[in-house]
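These notes concern the structure reproduced below.
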Amino acid sequence: MNLAIWTVARRLALSTDRRQRWRQISIVAGALIATCAVLLAMSIIHLGLLTSDHTGARHPVVDSGESRMTVAVTGPILPDLSQFPVLWLDPAPGSEDDPAIIPPGLSALPAPGEAVLSPGLLARGYTAEDLGFAPSRAGTGLRHTIGDAGLASRSEGFVVARAPEGRSLGEHAIASSGFRGPGPRYPVETVLDVPAAGAAIVGAIWLLMLPALMVLTGSARAVSQVRTERAETLWRLGVRRRGIGLLVALETLVLATIGSALGVLLWGVAIAPRTHLPGIGASLLPGALDLPGLAVAAGVALVLLNATLAALWAKREPSRPRGGVSVLRVLPFAACLAVMTLAGWVPQLLRSDAGYDLGVTVLMVAGAGATITLPMAVPPLLGGMATVGRLLRQPTAWLAGRLVVARRSTLARPAVMAAVLVYLAGATTAMIAGLTENAPVSVLPSAQREVWVVTWADSRADDIDTAAERARQAGAETLAVTPTPAAEAGPEPSDGIVTTEDCAAARQFFGLDEQTMTCTNEEAAAPGLWFTVRFGSAENREGTISAAATGMLVSAPPGWTEADTLAVFSGLPVVNPWKVAGTSDFFSPVYDWLAGAMIAATGILAIGLVREIGDRVLVVVGERSRLLRAGLRDGESDWVYGLATLLPMAVALPLGYLSARIFAANGTGYAVTADSVDIVAMVAALVAGLTAAVVALTLWWQRRIDTGRGES
Amino acid sequence: MQPPLTVEGIEIAYGDQVLVKGFGLHVDAGESVALMGPSGSGKTSLLHCLVGLSRPAAGEIRIAGNPMTGVSAARRADARRGLIGTAYQTPDLLAEVNVAENVAITLLFEGAAREDALAAARRSLAAVGVEHLAERGVANLSGGEAQRVSLARALVRESMCLLVADEPTASLDGTNAVRLSDLMTGMVRERGIGAVIATHDQRVADRCDRVVELRDVTVR
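Protein sequence lines, in the order shown, are assigned to chains D and R.
Here the first sequence is numbered in the numbering used here, starting from 540 and rising by one per residue.
Here the second sequence is numbered in the numbering used here, starting from 19 and rising by one per residue.
Given below as structure tokens:
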């Protein structure tokens, strides 16, 4: 390397000239943010891989001829935890001490009727007894809870329970050979409070890495009169383009290295050792966010490479206006939108179960692709601005249109940042709305009662009476559930029939009013009226029920939780409560992560937008005098430059909105999004309004400075 | 008839440093005045005050009887556009529009019909001998051509009565500098307007009707 170039680059990078200050701040701050975001993204991917690894390890291997135990899974829901799995185990005679059937996170199998709770349940104040079990000391975690090896996070709900003495897990239990060895695994469905590998990889790259690297790309192109002058001087002195390129690269590298070093420090202190992230409710496993040194180095290298290449690319852009930009640059973005649209049709096209997963993957990859390709698509589309300006026949619009067309690459930058902001804010908002709208659990709303239908396995004759008596003592009412006769079977195979005196009694039991619970035979008032259990509207018929009860409805006053219901059925195997009326306690704990990702992405892009507008202001400060000297007034020149900054938004923001809408519309089929037109439009309008306000504010501020200097 | 320019006792200061003090100048119609002085003597600062881009600390400036001191920035801007034509060392042409549009730009911003504004621009370009450049992009102009276009822009308005030029020949070779000077002073006489031309170039000064040395009136 030429020592002179290195010396000039280093001195230029660290120059005390005030005109270099904006570029220094831009690159150092950009590299700091990008490094933190990239390393955080890698940490989240690490967390996702760890999560998938740990949750995968607790799926029992389906028996392949060597049955050591039977397993069953139930999914109770608690108001402060949402749904969590209870893994029921029943070892085959002689296999009780077989290490293969000990789940990860346990040192031994619990004794019959005992259960090991996750630390997340314990931290929320639940004990084994609260959930209808006897406590076990088989957990390897703190206070005999499930150890880290069996957990996705320390805050998740998870219970490993052993069938009570003398009871089996019923005819629907799965035969298993244990938790080790090859073979298909029986999924222990879990509503995770941390992202699994797939979501972590896509989310971290799309919502953290890409926005941060986009902002860094803009930062590396930050305006500096000093750098331009040095490059021109060297050019006049005969230094080759390659040498000037090296100067630019080294100057950027010096500043980006400072920012990256600060970023690594910040990540190392504030992120890597943490088990809690701001705004995220989950308590992570220790070391979940930490990364090996090589991974950190790779992240930093990515940031420095991005900054350097962006600076070199910006150097290639001519300082003078240039002609057309190829329309072909729109094609990648158009292709991403087309693929997003097609993603909604993948399951129909493939006609297989794999189509669902593939469709979601295609949608997410195309969604991330649109983020990358949108910036390329805006400049070619700005060609129409000259026509718009000419048609308006208004000199401000005319000149602004000409400025936009002539400098479309540079003038598009704030607009591109705003468009990506609209897109990502809209897409993530649609995903967050999807979490609420696509909740897999529906409960008839009732303010008066909390009602569950409860089933269990290996039912005995006195189970109903015992449970009913316990419920009565605890202040709840019960109704026995019998299977629906074959001739009357509803759409759900688990539908059952309960008997009440009349419609009024049924409504009182369920806490529902006449509008919510209709009866087909309202006037009938004889014993033996039938009501299907999982109903949208009830149907009452006269008759007698001869079949034995297989389940029970529990109606409790408000304030009861599913834990109280579980306690009523203590001592029974595979107790599975399912709330049918009351208040829904289901929520998606990954809401925090998605909301956090949205805040991070929009925050990073908002910083980028402000920085790009800052660049524009600096350019305008330099260029404004051209218009004033040409005879324009202050106000006119402000309008021209304000409009030249805002006109590209008229092209870019609709593109961002369109992308968000397409993503939202095609994600609904996969329950990934809710197609919320109003919310996405509101986000777009908000970003547009804020951008216009920032542009107006900066121009006004600049005018004040000029006035203060007596220049106008 | 009011003289194109009257300056009485103006003072220009930056903080505690007084750059120009007690400066006076009277420019008659058809008269070109060369403003000379060493670098840092305040020539450019004085010109900025004449055109209303800056305010003097004291004194009075009148353009065709219209005050440029003690009035609002908007009033100064109106006078700058309506009564003054400016030309600078760098032509400051807008690269985004063509030559004719550059010359017509203030007329367009005043609401003149596009066709009328461009016709006036062509007449002004013809007056400085570069009408053939009207449809060209400014990136393709030579230094001399760009300065002529800049002069055409300064002279495009019929109502203008004062030409203010700051080192207009500084970036030109000797031949082109002389040609542009002749053109400026000739146009001033022909149109019956006044001109103040700040210059270091004695050949430019020689072509003016009068030379004012700024150091004579400067207190440092």
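The beta carbon of each residue, even a glycine, is placed where N, CA and C say it ideally should be.
Residue i burial status per 10 Å Cβ neighbour count (16 or more: buried)
i: R/Asn120; result: buried
i: R/Asn263; result: With chain R represented from 19 up to 238, any question about residue 263 of chain R goes unanswered, as that position is not in the structure.
i: D/Pro857; result: Confidence is the limiting factor: at D/Pro857 the pLDDT is only 45, short of 50, which leaves the residue's position unreliable and the question unanswerable from this model.
i: D/Gly696; result: buried
i: D/Thr767; result: exposed
i: D/Asp602; result: buried
i: R/Tyr32; result: exposed
i: D/His593; result: buried
i: D/Glu975; result: Looking at the sequence itself, residue 975 of chain D is Thr, so the reference to Glu does not match. Its Cβ having fewer than 16 others within 10 Å, D/Thr975 is exposed.
i: R/Ser160; result: exposed
i: D/Thr1122; result: exposed
i: R/Asn158; result: exposed
i: R/His150; result: exposed
i: D/Gln622; result: buried
i: R/Ala195; result: buried
i: D/His585; result: buried
i: D/Val808; result: exposed
i: R/Gly60; result: buried
i: R/Asp184; result: buried
i: D/His815; result: exposed
i: D/Pro632; result: exposed
i: D/Arg560; result: exposed
Any C-beta of chain R under 8 Å from that of residue i
i: D/Ala945; result: yes
i: D/Val934; result: Per the sequence shown, residue 934 of chain D should be read as Pro rather than Val. Output row for D/Pro934: interface = yes.
i: D/Ile971; result: no
i: D/Arg941; result: yes
Whole-Å CB distance - residue i paired with residue j, under 8 Å assumed
i: D/Gly652; j: D/Gly678; result: So it is not a contact: roughly 16 Å between Cβ atoms.
i: D/Pro642; j: D/Leu626; result: 7 Å
i: D/Thr1089; j: D/Val1020; result: 6 Å
i: D/Ala751; j: D/Ile1152; result: Going by Cβ atoms, the distance from D/Ala751 to D/Ile1152 rounds to 18 Å, so no, they are not a contact pair.
i: D/Gly1181; j: D/Val1222; result: With a Cβ gap of about 23 Å, D/Gly1181 and D/Val1222 do not count as contacting.
i: D/Ile1201; j: D/Leu876; result: 6 Å
i: D/Met1091; j: D/Ile971; result: About 37 Å separates the two Cβ atoms, so there is no contact after all.
Residue-chain proximity (residue i, chain D), Cβ-Cβ < 8 Å
i: R/Val38; result: no
i: R/Glu163; result: no
i: R/Arg209; result: no
i: R/Arg171; result: yes
i: R/Arg99; result: yes
i: R/Ala95; result: yes
i: R/Ala104; result: In the sequence as presented, Ala is not what sits at residue 104 of chain R; that position holds Thr. Yes, contact with chain D.
i: R/Asp110; result: yes
i: R/Val167; result: no
i: R/Ala82; result: no
i: R/Ala216; result: no
i: R/Ala188; result: no
i: R/Val25; result: no
i: R/Val115; result: yes
i: R/Ala118; result: no
i: R/Ala91; result: yes
Chain C contact for residue i (CB, 8 Å cutoff)
i: R/Ala213; result: This model lacks chain C altogether, as its protein chains are D and R.
What alpha helix (DSSP H) runs, 4 residues minimum, are completely inside the stretch 147-219 of chain R?
161-173 and 192-209
Scan the stretch 140-157 of chain R for residues whose Cβ lies nearer than 7 Å to a Cβ of chain D and list them as they occur along the chain.
Ala157
Length at least 3, wholly inside the stretch 78-120 of chain R: the beta strand (DSSP E) runs in chain order
102-106
What residues from the stretch 1175-1189 of chain D come within 8 Å of chain R, judged by C-beta to C-beta, listed N to C?
Glu1175
Chain R contacts made by the stretch 946-959 of chain D, where a contact means CB separation under 9 Å
Arg946
Closer than 8 Å, Cβ to Cβ, to anything on chain D: give me those residues from the stretch 122-140 of chain R, in chain order.
Ile123, Thr124, Leu126, Phe127, Gly129 and Arg132
What are the start and end residues of each continuous alpha helix (DSSP H) run of 4 or more residues lying completely inside the stretch 689-758 of chain D, in chain order?
736-743
Any residues in the stretch 47-76 of chain R with a beta carbon nearer than 7 Å to a beta carbon of chain D? Which ones, in chain order?
Leu71, Ser72 and Arg73
Going along the chain, which residues of the stretch 894-926 of chain D sit with their C-beta nearer than 7 Å to a C-beta in chain R?
none
So within the stretch 626-690 of chain D, which uninterrupted beta strand (DSSP E) runs reach at least 3 residues, ignoring any that extend past its ends?
653-656
Residues, ordered as in the chain, of the stretch 1152-1172 of chain D that lie near chain R by beta-carbon distance below 8 Å
Ser1164, Arg1165, Leu1166, Leu1167, Arg1168, Ala1169, Gly1170, Leu1171 and Arg1172
Mind pulling the alpha helix (DSSP H) runs of 4 or more residues that sit fully within the stretch 42-69 of chain R?
61-68
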